[in-house]
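Trainee:
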Amino acid sequence: MTLRSFFSILAASPLSVQAEPLITLQEANGTDKLRVELLNLEKDIALLRRADGQEFDTPLAYLSEDSRSDIRHTWKSHREKIEQHLEPLNKALGHKLFASNGNIWNEPARDVARRLRLPNESETPFTSSYRLYNTGRSYSFAGAKPKTIVAYGDHNGRTLSISVIYSNKGDSLSTVGAGEDHFQNNGKEIDRNTLEGAMIYDAESIAKTLTAILGSPTTQRMLGQGNERHIASRWDWNGHSFLLAHIKEEYVGLSIVRASFADGGGRFSRVSDGDIKARLKNSVTREANGDVYIKNIPMVDQGPKGYCAPATFERAMRHAGVPSDMYLLATLATEGGGGTNTRKLYEEVAFTTRSKGGRTARQIDLKSLAPGKIKRYLDKGVPILWQMCSLADYNAIANSRTRIRPGIKDWATYAVEVAKAAKISAPKLTAKTNFHLCMIIGYNEATNEIAVSDSWGKNYTIRWIHVDEAEAVSNKSGYVIDI
6 MTLRSFFSIL AASPLSVQAE PLITLQEANG TDKLRVELLN LEKDIALLRR
56 ADGQEFDTPL AYLSEDSRSD IRHTWKSHRE KIEQHLEPLN KALGHKLFAS
106 NGNIWNEPAR DVARRLRLPN ESETPFTSSY RLYNTGRSYS FAGAKPKTIV
156 AYGDHNGRTL SISVIYSNKG DSLSTVGAGE DHFQNNGKEI DRNTLEGAMI
206 YDAESIAKTL TAILGSPTTQ RMLGQGNERH IASRWDWNGH SFLLAHIKEE
256 YVGLSIVRAS FADGGGRFSR VSDGDIKARL KNSVTREANG DVYIKNIPMV
306 DQGPKGYCAP ATFERAMRHA GVPSDMYLLA TLATEGGGGT NTRKLYEEVA
356 FTTRSKGGRT ARQIDLKSLA PGKIKRYLDK GVPILWQMCS LADYNAIANS
406 RTRIRPGIKD WATYAVEVAK AAKISAPKLT AKTNFHLCMI IGYNEATNEI
456 AVSDSWGKNY TIRWIHVDEA EAVSNKSGYV IDI
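For what it's worth, my numbering labels the leading residue of the sequence shown as 6, then goes sequentially.
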């Protein structure tokens with residue numbers, strides 16, 4: 006096998022966008038010269054990455070003397086450059102973001118999250134997230150105290166991006182708590198003067214911190230969520246771009262992304278329709294008791310805010326292969342502390358899924374939640390975003406029902422009993438309050454139940470409720486991101 010057949014030719018690109026240096030290789034007894042990315046060198050074995058992203062351990066003995074010398078010299082120079090800024094940069098950030106290799110893109114997201122002290126939020130075979138809500142205000146990053154920080158992983162488990170949100174209108178209001186407790190209090194009015202002052206302070210502090218280590222920033226126009234575009238201050242280091250955005254009366258955010266992603270203005274590579282269809286279809290699980298449900302939907306914990314709609318849309322978008330960020334979605338259609346205009350948010354999401362991901366978002370009629378009416382989407386792995394009223398009695402029923410289901414042996418008897426219970430409870434679920442958006446992710450035709458998933462953390466990944474009870478709290482409409 007020749008070197009040309011082992012590697013693919015990599016089109017030359019500016020070194021500034023590479024996380025690791027590009028080198029030209031020549032095999033020991035050949036004439037072909039190829040450009041590849043040098044990721045590591047240890048014990049005369051080079052880790053190289055070719056154009057399609059595949060990586061290979063290559064003994065230097067396979068290469069010409071000039072290529073061996075070039076690799077050793079390039080790697081030494083590269084390491085010296087990294088070590089010059091590595092420790093000062095980590096110190097300025099207040100955390101060991103970068104390990105000794107100086108490249109988070111070649112690391113598992115869970116390792117980066119561990120160093121940043123970010124709890125695991127969700128891991129699926131295709132995406133992962135690690136999120137911290139800084140409710141105690143003891144956590145600082147890049148010279149300011151964030152409200153939340155999240156690290157995203159890609160389909161290989163490697164770090165995809167980091168999003169840090171500082172002062173923002175969503176966190177300017179208080180709520181009692183997270184999960185079901187959110188509905189106990191609607192918060193207080195926003196003080197915009199105080200909010201904008203906090204935003205200016207945060208943005209200036211972060212800019213000062215990064216400039217002290219990396220020099221003056223450039224400006225970069227970026228695509229945001231929906232049809233949003235904004236100008237960000239940009240600092241680059243070793244294939245990483247630090248993008249600082251201050252959107253007046255909205256938020257201050259710091260994104261850490263690949264330099265190549267920043268160069269593209271925030272445009273990401275879409276997953277092919279065929280791959281997504283296969284991925285979603287394979288996510289459908291069918292149990293012997295008749296349960297049919299979608300697994301591997303990423304969980305997003307909305308935290309102590311009224312972000313059920315942005316969190317749920319983020320989950321659906323990432324499930325469909327479209328990167329998304331709950332906080333940035335919230336800026337498109339949310340008043341301070343909550344109160345999302347779901348229709349407006351849907352319109353922005355529809356733009357994003359169509360223009361960036363090639364998916365179709367649509368509003369659907371949910372006058373009936375009978376399994377036979379909703380299974381057309383669920384059977385192909387597409388969850389339904391359901392508008393409903395998350396009443397305390399409804400949640401108590403869903404929690405209780407879900408707890409007892411694992412112990413059921415006689416499912417025919419269970420179906421009769423749950424139908425009787427629903428006949429009594431459904432007429433009592435009449436209040437039109439606690440408006441909420443969650444997901445319908447499954448059904449059981451034999452027991453006439455549906456499976457629901459809420460954006461409240463792992464304990465709410467899946468809960469079961471009888472159709473009659475679900476229809477009692479339903480607002481009769483919803484959304485899907487279809488394929």
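Positions of the beta carbon are idealized from the N, C-alpha and C atoms, including for glycine. Since the model is a prediction, treat every value here as computed from it, not as a measurement.
Quick check: the stretch 111–119 against the stretch 304–313, are at least 3 beta-carbon pairs closer than 8 Å?
Mentor: No, the stretch 304–313 does not touch the stretch 111–119.
Trainee: In three-state DSSP terms, what is Y135?
Mentor: It is a strand residue.
Trainee: Note down, in chain order, each residue of its chain lying with its Cβ closer than 6 Å to the Cβ of D296, except the 5 sequence neighbours on either side.
Mentor: The answer, listed in chain order, is N449.
Trainee: Mind checking which residues open and close the alpha helix (DSSP H) that includes D280?
Mentor: Element bounds for D280: D278 to N287.
Trainee: L102 and N95 look like a contact to me (Cβ under 8 Å); what is the Cβ gap, rounded to whole Å?
Mentor: Contact holds; Cβ gap of about 6 Å.
Trainee: In or out: D176 buried (at least 16 other Cβ within 10 Å) or exposed?
Mentor: So D176 ends up on the buried side.
Trainee: Which runs of the alpha helix (DSSP H) at least 4 residues long sit entirely within the stretch 135–171? Give them in chain order.
Mentor: Qualifying alpha helix (DSSP H) stretches: none in this window.
Trainee: With 16 other CB atoms within 10 Å as the buried threshold, where does F318 fall?
Mentor: Per the 10 Å Cβ criterion, buried.
Trainee: Taking the beta carbon of P64 as the centre, do at least 16 other beta carbons fall within 10 Å, making it buried, or is it exposed?
Mentor: Under this definition P64 is an exposed residue.
Trainee: What does DSSP give as the partner residue(s) for I470 in the beta ladder?
Mentor: DSSP output for I470 lists I455 as bridge partner(s).
Trainee: Roughly how many whole angstroms lie between the Cα atoms of T129 and I470?
Mentor: Between T129 and I470, the C-alpha separation is close to 25 Å.
Trainee: With a cut-off of 8 Å, does the C-beta of G412 fall near any C-beta of chain D?
Mentor: Any reference to chain D falls outside this structure, which holds one protein chain only.
Trainee: Please report how far the alpha carbon of S260 lies from the alpha carbon of A420, in whole angstroms.
Mentor: Spanning the two alpha carbons is a distance of roughly 49 Å.
Trainee: Once the 5 residues before and after P19 are set aside, which same chain residues still bring their CB inside 6 Å of it?
Mentor: Summary for P19: the model assigns pLDDT 30, below 50, so the residue's position carries little reliability; its value from the coordinates is reported in the next sentence. Excluding sequence neighbours, P19 sits near nothing in its chain.
Trainee: Could you give the distance in angstroms between the alpha-carbon of E474 and the alpha-carbon of M444?
Mentor: Their Cα atoms are separated by approximately 15 Å.
Trainee: Tell me which residues share the same chain as V276 and place their Cβ nearer than 6 Å to its Cβ, disregarding the 5 neighbours each side in the sequence.
Mentor: Result list for V276: G326, in chain order.
Trainee: As a quick exercise: from I211, L228, M227 and R226, pick the residue whose alpha carbon is nearest that of G220.
Mentor: Among I211, L228, M227 and R226, the Cα nearest to that of G220 is on I211.
Trainee: Closer than 8 Å is the cut-off here; do at least three beta carbon pairs connect the stretch 281–297 with the stretch 376–391?
Mentor: With a cut-off of 8 Å, the stretch 376–391 and the stretch 281–297 count as touching, because enough Cβ pairs lie within range.
Trainee: Could you pull out every residue in the same chain whose Cβ sits closer than 7 Å to the Cβ of T466, ignoring the five residues on either side in sequence?
Mentor: Cβ within range, chain order: M304 and S458.
Trainee: Can you pull the DSSP bridge partners for D62?
Mentor: Paired residue(s): L52.
Trainee: Which runs of the alpha helix (DSSP H) spanning at least 4 residues fall entirely within the stretch 325–408, listed in chain order?
Mentor: Entirely contained in the stretch 325–408, the alpha helix (DSSP H) runs reaching 4 residues are, in chain order, 331–338, 347–360 and 376–383.
Trainee: Could you check where the alpha helix (DSSP H) with E42 kicks off and where it finishes?
Mentor: Run containing E42: none in the alpha helix (DSSP H); it sits in the beta strand (DSSP E), L39 to E47.
Trainee: So what does DSSP say about G483, is it helix, strand or coil?
Mentor: Here G483 sits in strand by DSSP.
Trainee: Does the beta-carbon of F61 have 16 or more other beta-carbons within 10 angstroms, so that it is buried, or is it exposed?
Mentor: The residue in question, F61, is exposed, as its Cβ has fewer than 16 Cβ neighbours within 10 Å.
Trainee: Just to confirm my understanding: we take L52, look at its own chain, exclude 5 residues before and 5 after, and list those with CB closer than 7 Å. What are they?
Mentor: So the list reads L44, N45, E60 and D62, once near-sequence residues are dropped.
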